[in-house]
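Undergrad:
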Amino acid sequence: MFLTAVDASKPFDRVNHMALFRKLRERKLPYCVISVIQNWYSKLYSVVRWNSVFSSSFRVTCGVRQGWILSPVLFNLYVDDLIVLLRNSAHGCYVNTTFVL
């Protein structure tokens, strides 16, 4: 038996925005939908609060928005190529004849 592990710690935080937008274009989503999502993600900024002190704001270029209804869908689109590649390679976890990820 062989076992492979994938580090999935905080996977939603690791999604590269530019790669996500490319994958949305490859899926042929309507341009207006992609444009709205790009607009939302291009305006993501964050600050760090430590005790009562705030850092300067910085641009967020990775990760899907937490708590947003589309975040799981966007993440699934982002990793779908990997899942398909794994399934087609005949490697992975099977229960009887069903591929399980």
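First residue of the sequence shown? That's -11 in the working numbering, and the numbers climb one at a time after it.
All C-beta atoms, glycine included, are put in the ideal place defined by N, C-alpha and C.
On the three-pair Cβ rule with 8 Å, is the region -3 to 4 touching the region 53 to 71?
TA: Verdict: yes, contact present.
Undergrad: So, residue 53 versus residue 33, is the Cβ gap smaller than 8 Å?
TA: Cβ atoms of residue 53 and residue 33: not closer than 8 Å.
Undergrad: If the criterion is Cβ atoms closer than 8 Å, does the pair residue 51 and residue 21 meet it?
TA: For residue 51 and residue 21, no; Cβs fall outside 8 Å.
Undergrad: How is residue 15 classed by DSSP in three states: helix, strand or coil?
TA: Correct three-state label for residue 15: coil.
Undergrad: Bridge partners of residue 137, per DSSP?
TA: The first residue shown for the chain is -11 and the last is 89, placing residue 137 beyond what the model contains.
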